[in-house]
Amino acid sequence: MKIAPSILSADFARLGEEVGRVHGEADLLHVDVMDGHFVPNLTIGPPVVASLRPQTDLFLDCHLMVDNPAVLLDDFAKAGADRCIVHVELGDPRPLFDRMRALGMGVGLVLNPPTPVDDVLPFLDDIDLLLVMSVNPGWGGQSFIPEVLDKVRVVRKEIDARGLPVEIEIDGGIKAATAPLAAEAGCDILVAGSAVFHADDPAAAAREIRDAAWPDR
Ligand code: DX5
Ligand code: ZN
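Numbered by my numbering, the letters in the sequence shown go through residues 1 to 217 in order.
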């Protein structure tokens, strides 16, 4: 039951300050890395993670929307990333998992809305986190795609049946109105970008999402 603000919607010119505004309500930080190829948008990379690292004790989770994550993993580890999340659409992720483990990072795997859930099931034993995209990646502020919740339910059942220590995260269009749907389907971690950083009070917005998702916590 965790909230992961996505810094994609923060003011990049004041990133340290922006992150400070969610301390106390954020359980981890979600860092959206886009290369202009895997997705059309272009964002940030290891140098920004390195600048952020001394500004916060929060777990830095790097969502790699890039064509060639293999060439970036060492730099992300050096920059202080705690985990990298790679897309299953790129092909066999096992060599990437091995490199992440060797570098001491956590291992995440992510699937896009059109990608079938069967594509990730063979890897559940090898990962710490399964991220289900609830928008097509590229930009913040898009609308939640409720159909992906069926995939969350399948993965939840599989993880529980096999007793695996894998967390399920969801990313895209999460706000107070959609958070309860994601929580009910079995998500452990909610990523929220625009709903948090475009709010006047980002910490209050994160708390509102948490309270909506898990009212009995
Ligand atoms: C989308 C990114 C998301 C994005 C979510 O490509 O992967 O992490 O920041 O933004 P919101 O919460 O605004 O949909
Ligand atoms: Zn993301």
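All residues carry an ideal CB built from backbone N, CA and C; glycine is no exception.
- If you draw a straight line from the Cα of D67 to the Cα of E89, it is about 10 Å long.
- Taking one beta carbon from each stretch, the segment 92-102 and the segment 134-147 have fewer than 3 pairs nearer than 8 Å; the two do not touch.
- If the five residues before and after H87 are omitted, its C-beta is found closer than 6 Å to the C-beta atoms of V110, all from its own chain and listed in chain order.
- In the three-state reduction of the DSSP assignment, F123 falls in the helix class, which pools H, G and I.
- When DSSP states are grouped into helix, strand and coil, L8 belongs to the helix group.
- Counting of Cβ neighbours within 10 angstroms places V71 among the exposed residues, the total staying below 16.
- Rounded to whole angstroms, I159 and A13 show a C-alpha spacing of 40 Å.
- Distance from the CA of R162 to the CA of D61, rounded to the nearest whole angstrom, comes to 25 Å.
- The beta carbon of G36 sits closer than 7 Å to those of L42, all from its chain and outside the five residues before and after it, given in chain order.
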